[in-house]
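Notes follow once the structure below has been shown.
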Ligand code: FES
Ligand code: FES
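Chains as they are written, first to last, in the working numbering: chain A, 1220 to 1514; chain B, 32 to 195.
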């Protein structure tokens, strides 16, 4: 369990990192390293060079930028977990972060690292997809934005251009008095990989109907999915339990779910319907200022 | 490569390869064997150290990455030679260990928890140690140990009239 030899470069800014990445085909960027280091220990990854971006101070921040909360790529997950600003502006993210690994891995693991790693079961990609986050990418001296929906391409595969580095994630902030969120996941032990995860955020109107709704499901398909058809069906309704269940069941009816040793495709599909339903109902109750139902 | 590590309050220079994990560096270069090598891929928690006060897995970081950040290992928590920290004491008293393989890590996790939250609920303790495997105790005595240490560090086991 020892990594193969590699060169180590600690860089001071992101352009230096991009330049190094461009000159060395076998180079990889290391942020928190909580996935990459075990992969290297097992020699499933053998980078020739590690470009350590942990010391780039300009990549670690949480700040409001207009109508979005921007989080720098190397911001530790533990920092997000403790952030009052995140709790206030992105309650869905605040809900999900404690489910990422455990405290010791969140202390090192970064927001950008988890997103760039694109594990289908990871919480951060799910929240990014659900909230329509935008990824800010730097490469070749240029900065560009990629929408979360266009970023994830397959399990551990992203649309990040070659030689580019994820610099920040912008999560749109919903404003209003009746915003509610729900998050659920099922795994063998808390802190393990999710077999299924589901997230929902709703904005309710004073008359009790739903103004806006976003629903995401993770760990079931190659990358987290949005339940667009259920969102369309539920918008404008009071989000009654039966209507929610029906809309979610329909949205997940035809999917081809992942299957592995731990969970069959049918199990994943069945549980996804349950968890997404619960997440939406929780979000509705939360928006109305009521405690979550006992499901 | 030569790197400088700030371990238990002293800066030490070591000659190491980039691929050497902080865990291996502590054990092999610095002869600090208290961080235990269990799984070496981030699953068991036996290699936990305090990195800038936070419990992290030393097998999930290369030694070169640790340059300049204060690190505390189990060797650094006792107040003096032959003495134990209140948390270590509590582990002895409640039988918070059997074989001892997980123990240094459990003690350090407890240090990080109690520094952050002097009055943890039982769930907080369970959550704090949930990333650390113990194959012997069944965890109950470890939780008792941390609860006892918390109580003592708050001064709650003094006679009632002496409590502030
Ligand atoms: S040895 Fe580091 S987590 Fe097991
Ligand atoms: S005391 Fe043996 S592993 Fe915990």
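Using N, Cα and C, we set each Cβ at its ideal position, and we do this for glycine too. Values in this document were obtained by computation on a predicted structure and should not be read as measured data.
Going by C-alpha distance, which of 99(B), 169(B), 144(B), 123(B) is nearest residue 37(B)?
99(B)
Just to check my reading of the structure: residue 21(B) and residue 136(B) have Cβ atoms closer than 8 Å, yes? What is that Cβ distance to the nearest angstrom?
With chain B covering only 32 through 195, there is no way to say anything about residue 21(B).
Which residues, in chain order, does the stretch 1312 to 1330 of chain A contribute to contact with chain B at a C-beta distance below 8 Å?
1320, 1321, 1322, 1323, 1324, 1326, 1327
Taking only beta-carbon atoms, is residue 1336(A) less than 8 Å away from chain B?
no
Does the beta carbon of residue 1409(A) sit closer than 8 Å to a beta carbon anywhere in chain B?
yes
Which residue comes first and which comes last in the alpha helix (DSSP H) that contains residue 1399(A)?
Per DSSP, residue 1399(A) belongs to no alpha helix (DSSP H); it is in the beta strand (DSSP E), 1398 to 1405.
When burial is assigned at 16 or more other CB atoms within 10 Å of the CB, is residue 1477(A) buried or exposed?
buried
Excluding sequence positions up to five away, which residues of its chain have a Cβ less than 6 Å from the Cβ of residue 1309(A)?
1288, 1390
Using a C-beta cutoff of 8 Å, does residue 33(B) count as contacting chain A?
no
Just the chain B side, please: which residues come within less than 7 Å of residue 1271(A) by C-beta, in chain order?
96
Do we get a CB-CB distance below 8 Å when we pair residue 91(B) with the residues of chain A?
yes
Roughly how many angstroms separate the alpha carbons of residue 1496(A) and residue 1460(A), rounded to a whole number?
8 Å
Cβ-heavy atom distance, residue 1431(A) to ligand 1, below 7 Å:
no
Along the stretch 1255 to 1268 of chain A, what residues have a CB closer than 7 Å to any CB found in chain B?
1256, 1257, 1260, 1261
Against chain A, does residue 109(B) count as a neighbour if the rule is that its beta carbon must be under 8 Å from one of theirs?
no
Using DSSP with H/G/I as helix, E/B as strand and the rest coil, what is residue 1349(A)?
helix
Between which two residues does the alpha helix (DSSP H) carrying residue 1468(A) extend?
1460 to 1470
Contact list for residue 168(B) against chain A, beta-carbon separation under 7 Å:
The premise fails here: residue 168(B) is roughly 17 Å from chain A at the closest Cβ pair, so nothing lies under 7 Å.
If we call anything under 8 Å between Cβ atoms a contact, is residue 1439(A) one with residue 1387(A)?
no
Closer than 6 Å: residues whose CB approaches a heavy atom of ligand 1:
68(B), 69(B), 70(B), 71(B), 73(B), 74(B), 75(B), 76(B), 77(B), 78(B), 88(B), 90(B)
Would you list the one or two residues that DSSP bridges to residue 1271(A)?
1229(A), 1249(A)
Determine the closest residue to residue 1412(A) out of 1373(A), 1318(A), 1369(A), 1473(A), with distance taken between C-alpha atoms.
1318(A)
Using a threshold of 8 Å, state whether the C-beta atoms of residue 1403(A) and residue 1422(A) are closer than that.
no
Contact the stretch 1291 to 1301 of chain A vs the stretch 1267 to 1283 of chain A: 3+ CB pairs below 8 Å
yes
Counting Cβ pairs closer than 8 Å, one from the stretch 155 to 172 of chain B and one from the stretch 62 to 76 of chain B, do we hit at least three?
yes
With burial defined as no fewer than 16 other Cβ atoms inside 10 Å of the residue's Cβ, what is the status of residue 1363(A): buried or exposed?
exposed
Cβ of residue 1272(A) within 8 Å of Cβ of residue 1293(A)?
yes
Give the list of continuous beta strand (DSSP E) stretches no shorter than 3 residues that lie fully inside the stretch 41 to 86 of chain B.
41 to 46, 79 to 82
Is the beta carbon of residue 1370(A) less than 8 Å from the beta carbon of residue 1383(A)?
no
Same chain, Cβ closer than 6 Å to residue 175(B), five either side skipped, listed in chain order
125
Excluding five sequence neighbours on each side, which residues of the same chain lie with their C-beta closer than 6 Å to the C-beta of residue 177(B)?
141, 156
Strictly by DSSP, which residues pair up with residue 1355(A)?
1364(A), 1387(A)
Report all residues from its chain with a CB closer than 8 Å to the CB of residue 1424(A); omit the five preceding and five following residues, and keep chain order.
1397, 1430
For residue 133(B), the three-state DSSP class (helix, strand or coil)
coil
Less than 7 Å between the CB of residue 1261(A) and some heavy atom of ligand 2, yes or no?
no
Does any C-beta atom of chain B lie closer than 8 Å to the C-beta of residue 1412(A)?
no
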